[in-house]
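No gaps in the numbering here: position 282 of the sequence shown is 281 in numbering that gives the first Met the number 0, and each next residue is one more.
Structure record follows, encoded as structure tokens.
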Amino acid sequence: MKSIWMKRLGLALVALALIAGFGWALREQPALVDLAEVTAAPMRVTVREEGMTRVRDVYTVSAPIAGHLTRTVVNEGDVVKANNTVVAAIHPLDPPLIDRRAEAELLASRDAARAGVGVAEVELQRAQSALKLAEDELVRAFKLFGSGFVSESALQKLTNEVDLQKAAVDAAKAVIRLRNAELANAEARLLQPDPSDPTGDSCCVNLLAPIDGTVLAVMARSEQAVAAGAKIAEIGNVHDLEIAVDLLSSDAVRIAPGTKAKISDWGGDHGLRATVRRVDPAAFTKVSALGIEEQRVTVVLDLEDTDVRLGHGYRVFVEMTVWECAQCLQVPIGALFRNGDRWNVFVADGGRARQVEVQVGHMNDDVAEVLTGLKPGASVVVHPSDTLVDGGPVERRQ
0 MKSIWMKRLG LALVALALIA GFGWALREQP ALVDLAEVTA APMRVTVREE GMTRVRDVYT
60 VSAPIAGHLT RTVVNEGDVV KANNTVVAAI HPLDPPLIDR RAEAELLASR DAARAGVGVA
120 EVELQRAQSA LKLAEDELVR AFKLFGSGFV SESALQKLTN EVDLQKAAVD AAKAVIRLRN
180 AELANAEARL LQPDPSDPTG DSCCVNLLAP IDGTVLAVMA RSEQAVAAGA KIAEIGNVHD
240 LEIAVDLLSS DAVRIAPGTK AKISDWGGDH GLRATVRRVD PAAFTKVSAL GIEEQRVTVV
300 LDLEDTDVRL GHGYRVFVEM TVWECAQCLQ VPIGALFRNG DRWNVFVADG GRARQVEVQV
360 GHMNDDVAEV LTGLKPGASV VVHPSDTLVD GGPVERRQ
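Here it is, written out as structure tokens:
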């Protein structure tokens, strides 16, 4: 009798164990989650964008006239003195090459000019002979005038004739000078470039450095012909830098002159302070790497800290503060999710997830300002999964 009851008790225990095992296997498993604590701490909202350093005032040395530029004597990085250092020199341009037809025409012009000189010399001789004759006639008239054989009017007429012939001689000499100048012009047009001395002996223009500074770039290094206004080099003071950054127009409206900024990722081991000096009033269209047209606005900043290693055109990252608070309640961005048009979070309370509606203010890349709905010290679920529900069991992921 006793053994029968022992068997019944054993079967009951086995049945209870089976039931307990099935219950344990079928129970709701807690979701493993990452938790973060809601804290009150300082908070900043910033706009971060890639920018570029540049010399505040860049001076371009350009060719004032067309000519033959000699090889530039300065290189990038050279220190120059205002109105003292010669950047480059411009010589006269070589005369153009002459083809056979043009040469024949120029030779004919030269021969015509020589013939004109000959004709002018003949005219001078004729005028001098006429003058000699008029002067002899005047001498004889003076002798006869004393004897009364020549009237006063005849004497006056001969005197006038001498004056006219003198003028004719002067005119003939002027014509000779004119013909000689025409001959010289025709011969000069026949000159060809001299390969041994392409630029001549004298230099027309020395291009001097406009300021004390450093050569930033050399656009025309080799010897070449240049037009008026051609850029030769750029010079600036590398110790007087500013930063230009192109912001989205939606971010630019949040920035104002005087906004503080921090310069990072420029290559040094510490950040540099800067202040916004100007926000351009006009935007421009820029195509992003994804092919999207964006409206960008250039913002210029003044460096409060500098480093001698920075130069013109260096890449930096600019982080501008648009809002900050000394102490405000904040929650990680990853804990927020949308429920309709409202922000919600899951709060871990007693091993259960409780869905709470919150009102947020300012947000940055990491945290959001909490206005209502949470208290300091509360644990919120970061990056909640789609399977998490209100009231569901949760457990911190180890």
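Beta carbons: idealized from backbone N, C-alpha and C, even for Gly.
Self-check item: Paired residues, beta bridge with residue 119 - DSSP
Solution: BP columns for residue 119 are empty, so no partner.
Quiz item: Whole-angstrom Cβ separation of residue 381 and residue 368, contact assumed at under 8 Å?
Solution: Contact flag wrong, Cβ pair sits at about 17 Å.
Quiz item: On the three-state DSSP scale, how would you describe residue 9?
Solution: helix
Quiz item: In three-state terms, what does DSSP make of residue 97?
Solution: coil
Quiz item: Taking the DSSP output, what are the residues bridged to residue 337?
Solution: 342
Self-check item: Backbone CA spacing between residue 184 and residue 286 [nearest angstrom]
Solution: 59 Å
Quiz item: Candidates 131, 375, 6 and 88: which alpha carbon is nearest residue 220's?
Solution: 88
Exercise. Mark residue 339 as exposed unless 16 or more other C-beta atoms lie within 10 angstroms of its C-beta, in which case mark it buried.
Key: exposed
Quiz item: With DSSP run on the structure shown, which of helix, strand or coil describes residue 127?
Solution: helix
Quiz item: Does the Cβ of residue 345 have 16 or more other Cβ atoms within 10 Å, making it buried, or fewer, making it exposed?
Solution: buried
Practice problem: Would you identify the three-state DSSP class for residue 261, choosing helix, strand or coil? | Solution: strand
Quiz item: What did DSSP end up calling residue 243 once you bin it into helix, strand or coil?
Solution: strand
Exercise. Tell me whether residue 205 sits in a helix, a strand or coil according to DSSP, three-state version.
Key: strand
Quiz item: Is it right to say residue 383 is buried, meaning 16 or more other beta carbons lie within 10 angstroms of its own, or is it exposed?
Solution: buried
Quiz item: Between which two residues does the alpha helix (DSSP H) containing residue 248 stretch?
Solution: 248-251
Quiz prompt | Helix, strand or coil at residue 285 according to DSSP, with G and I counted as helix | solution = strand
Practice problem: Can you have a look at residue 75 and say buried or exposed, based on whether 16 or more other CB atoms are within 10 angstroms of its CB? | Solution: exposed
Quiz item: Any contact of the region 65-72 with the region 85-103, i.e. 3+ C-beta pairs under 8 Å?
Solution: yes
Exercise. Enumerate, from N- to C-terminal direction, the unbroken alpha helix (DSSP H) stretches of 4 or more residues contained entirely within the region 141-191.
Key: 151-187
Quiz item: If you pair each beta-carbon of the region 37-57 with each one of the region 361-378, do three or more pairs fall below 8 Å?
Solution: yes
Practice problem: Output yes or no for whether 8 Å exceeds the beta carbon distance between residue 235 and residue 311. | Solution: yes
Exercise. Decide if the region 237-248 is in contact with the region 305-320; the criterion is three or more beta carbon pairs, one per stretch, under 8 Å apart.
Key: yes
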